[in-house]
Amino acid sequence: MAMDLIDYTIVGSEMQFVEVELDPGEAAIGEAGAMMYMQDGIQMDTVFGDGSQQASGLMGKLLGAGKRLLTGESLFTTVFHNEGQGKRRVAFAAPYPGKIIPVDLGQIGGTLICQKDSFLCAAKGVSLGIAFQKKLGAGLFGGEGFIMQRLDGDGMTFVHAGGTLQEQVLAPGETLRVDTGCVVAFQPSVDFDIQFVGKIKSAIFGGEGLFFATLRGPGKIWLQSLPLSRLANRIIMSAPAAGGRSTDQGSLLGAGILGGILGSDD
Amino acid sequence: MHGSQFQGRLFGPGLPGAGIAASGQWDALGRLRVTPHESGQAERCADRPEIAAAGFNNASLRLSWQQPEGAYALVVDGVDDRSRCAATAPEHCNRQLAAAVRQPDTLERRFRLGWGLLALVLLMPLLGLVLFLLNADRVADWVVDKIPVAQEARLGELVLAQTRLQMKLIDRGPAVEALADIGGRLTEGSVHRYRWFVAERPEVNAFAAPGGVVVVFSGLLTSAATAEELAGVLAHEVAHAELRHSLRGMVKGLGLRALVALLAGDISDNVLTGAATRLTELRFSRDAEREADANGLQRLVAARISPHGMVRFYERLAAEQRPTPPALLSTHPASGERLDWLRREVAALKGPWQPLPINLQRATVSLR
Chain A
6 MAMDLIDYTI VGSEMQFVEV ELDPGEAAIG EAGAMMYMQD GIQMDTVFGD
56 GSQQASGLMG KLLGAGKRLL TGESLFTTVF HNEGQGKRRV AFAAPYPGKI
106 IPVDLGQIGG TLICQKDSFL CAAKGVSLGI AFQKKLGAGL FGGEGFIMQR
156 LDGDGMTFVH AGGTLQEQVL APGETLRVDT GCVVAFQPSV DFDIQFVGKI
206 KSAIFGGEGL FFATLRGPGK IWLQSLPLSR LANRIIMSAP AAGGRSTDQG
256 SLLGAGILGG ILGSDD
Chain B
6 MHGSQFQGRL FGPGLPGAGI AASGQWDALG RLRVTPHESG QAERCADRPE
56 IAAAGFNNAS LRLSWQQPEG AYALVVDGVD DRSRCAATAP EHCNRQLAAA
106 VRQPDTLERR FRLGWGLLAL VLLMPLLGLV LFLLNADRVA DWVVDKIPVA
156 QEARLGELVL AQTRLQMKLI DRGPAVEALA DIGGRLTEGS VHRYRWFVAE
206 RPEVNAFAAP GGVVVVFSGL LTSAATAEEL AGVLAHEVAH AELRHSLRGM
256 VKGLGLRALV ALLAGDISDN VLTGAATRLT ELRFSRDAER EADANGLQRL
306 VAARISPHGM VRFYERLAAE QRPTPPALLS THPASGERLD WLRREVAALK
356 GPWQPLPINL QRATVSLR
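From first to last, the protein sequence lines stand for chains A and B. The numbering used here numbers the first residue of the first sequence as 6 and each following residue consecutively. The numbering used here numbers the first residue of the second sequence as 6 and each following residue consecutively.
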């Protein structure tokens, strides 16, 4: 699959947008509604599904669109073509405070597993799919739910998540315990599982919930410091108009365990 | 050198964090040789790599080993590459390999089992509904047996109140006295306290509510020629009440509603009044009708009232050519089968019958 190579600049510090430069004839796909601005000469085309497979028939398109619906994204993606003569720029903005991370799929082996709803934009040719979390424990208590997103291809993709995003490298066999909900993306060579916090007392009063997510190397992982739901929770807690009675997520006594099952993207 | 190559990603100290593409191969001595695709990277060799299932959903094979500078791992994730790796692996790896290859299947099985259970839990009310529909009669009988007579009487009151809203009920006068007289003979020894009402309605109909409330429409009273004919219809209605048919129907309806509410959320407003409303317009099943016929006939015989009146009345109703069938027939389908059965049974019965000392014409003169 021939990918479009795109140049980009990430602008801003906490509320970022990414500006992508397209050569004539190049294209990028963006999450519907993420476009911030585009220069003259860029044609916008909305396609049903993810725009990676153009001639797969109606059923294929419907299937692709259904998958996107499952991962919490809209049925349509928007393709931005540069139909002009020179280089043209188009920008995509993050929907909430956080960081945009560029990931070159070619450099990590062609596949990235990420939190659903975290895709922002990519070079045309990157395909968006779903990856079912088949470990029941990890699906129920890992904080990412059962449905994750799978990005395949070898071009640039831009993923967005809340707070500060950090890329980490896990050596073979190295394990990192992560608060549930903080895992944004990882290479498919990384084991994603859960681990009980260890003590009943910690589980109930520790505020970290019952389980940690564990990531076992080798491979690259991306973590976010502030999941959107946690931010939203804090905002509602301090919003008198909303009646603000709420607790931080993660506590057994507070937010429900079931939230994870039904796919809160915390 | 033997065996074919399998593609994977090599991770280790000094290599990029995301790993580099590499191909692996088992050599003749059973060692793993890993050749990075990138030029300038040295070949690695592992004597006895540890093999385990790894990665997202345990879908990859991880071959890991230690070298003086640190831990290395080759992750193989393509389906073909994994099977090539497994096929050419030396014997000492076989056990670990077999376990690692099984892992994704185990995971998949547990995943399906888990979701299957969840689906089952979600479908429980639906299943309950189906089971209930299949066993509705038995369940209803069991529940009805548990309802005390006092409760039944209270339900009767509810139905009566509902009926009063819909039609004018007469509770005294010669017609009601005639009903009470005949009814009293038919309900001797009953645990219920029977009350008799005449509704001012032209339809040929009658119904029995739980707890001994019997309502006869004036249309029926005027179309009955003799007291014996009226007794036949009353016997049938009393049998419905004594056999608790309407109660059973209500229990079925309530059970259905409860299950539907479980399935579709609370859609019922006031369950009890709703059920009472529907009770007044209840349709009995054919089995219930047949049962009531048989029981009514027994009551007539026990009271020494001629059952020929019952047959005659049904015959006349069935024979009358009306644009719409009489209400008694539409709610109590006097099918040919039922009438035939009744004729046969009555023919087999021997008198003597005591004539009823009631002049029906005079009693119902006020209704005409």
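All residues carry an ideal CB built from backbone N, CA and C; glycine is no exception. Values in this document were obtained by computation on a predicted structure and should not be read as measured data.
{"query": "What separation, rounded to the nearest whole angstrom, lies between the Cα atoms of B:Val221 and B:Ala145?", "result": "27 Å"}
{"query": "To the nearest whole angstrom, what separates the beta carbons of B:Ala213 and B:Ala180, a pair I think is in contact under 8 Å?", "result": "Not a contact, Cβ separation roughly 17 Å."}
{"query": "Per DSSP, what kind of secondary structure is B:Thr93 in: helix, strand or coil?", "result": "helix"}
{"query": "Where does A:Glu172 sit, in a helix, a strand or coil, going by DSSP?", "result": "strand"}
{"query": "Can you confirm whether A:Asp196, when its beta carbon is compared against all beta carbons of chain B, has any partner nearer than 8 Å?", "result": "yes"}
{"query": "Starting from the beta carbon of A:Gly178, find every residue of chain B whose beta carbon is closer than 8 Å, and list them in chain order.", "result": "Ser69, Ala76, Ala78"}
{"query": "Locate the beta strand (DSSP E) running through B:Thr111, then write down its first and last residues.", "result": "Taken as a continuous stretch (DSSP letters only), B:Thr111 belongs to no beta strand (DSSP E), being part of the alpha helix (DSSP H) at 99-151."}
{"query": "At 7 Å on the CB atoms, spell out the chain A contacts of B:Leu125, in chain order.", "result": "Neighbours of B:Leu125 on chain A: none; closest Cβ ~15 Å, over 7 Å."}
{"query": "With a Cβ-Cβ cutoff of 8 Å, do A:Gly134 and A:Asp109 count as a contact?", "result": "no"}
{"query": "Among A:Leu181, A:Ala32, A:Phe151, which one has its Cα closest to the Cα of A:Ile226?", "result": "A:Leu181"}
{"query": "Tell whether a beta-carbon distance below 8 Å holds between B:Thr227 and B:Thr369.", "result": "yes"}
{"query": "Against chain B, does A:Gly148 count as a neighbour if the rule is that its beta carbon must be under 8 Å from one of theirs?", "result": "no"}
{"query": "From this set, A:Thr162, A:Ile152, A:Glu88, which residue's C-alpha is nearest A:Gly71's C-alpha?", "result": "A:Ile152"}
{"query": "Taking 7 Å as the limit between beta carbons, can you name the residues of its chain near A:Lys140, skipping five residues before and five after?", "result": "Asp198"}
{"query": "For the beta strand (DSSP E) holding A:Tyr42, just list the boundary residues, first then last.", "result": "40-43"}
{"query": "Helix, strand or coil for A:Ile273 per DSSP?", "result": "The shown model of chain A, from 6 to 271, leaves out residue 273 of chain A, and the question about it has no answer."}
{"query": "Is the stretch 84-104 of chain B touching the stretch 201-209 of chain A, taking contact as three or more C-beta pairs under 8 Å?", "result": "no"}
{"query": "Helix, strand or coil, according to DSSP, for B:Lys173 in the structure here?", "result": "coil"}
{"query": "Within 8 Å of any Cβ in chain B, is that where the Cβ of A:Ala218 sits?", "result": "no"}
{"query": "Hey, could you find the ends of the alpha helix (DSSP H) A:Gly142 is sitting in?", "result": "141-146"}
{"query": "At a Cβ threshold of 8 Å, is B:Phe11 touching chain A?", "result": "no"}
{"query": "Give the DSSP-derived three-state secondary structure of B:Gln156 in the structure shown.", "result": "helix"}
{"query": "List the residues of chain A that B:Gly24 touches, going by C-beta distances under 8 Å, in chain order.", "result": "Ile113, Gly114, Gln192, Ser194, Pro223, Gly224"}
{"query": "Between A:Ala136 and chain B, is any beta-carbon pair separated by less than 8 Å?", "result": "yes"}
{"query": "In whole angstroms, what is the alpha-carbon distance linking B:Asn300 and B:Gln366?", "result": "27 Å"}
{"query": "Within this structure, are the beta carbons of A:Leu125 and A:Phe146 separated by less than 8 Å?", "result": "no"}
{"query": "Using a Cβ cut-off of 7 Å, pull out every chain A residue sitting near B:Gly60, in sequence order please.", "result": "Pro193, Ser194, Val195, Asp196"}
{"query": "May I ask which residues mark the beginning and end of the alpha helix (DSSP H) holding B:Ser65?", "result": "That residue, B:Ser65, is in no alpha helix (DSSP H); its beta strand (DSSP E) goes 65-72."}
{"query": "Would the beta-carbon of B:Leu344 be found less than 7 Å away from any heavy atom of the ligand MG?", "result": "Looking for the ligand MG in the displayed structure turns up nothing, as the structure carries no ligands at all."}
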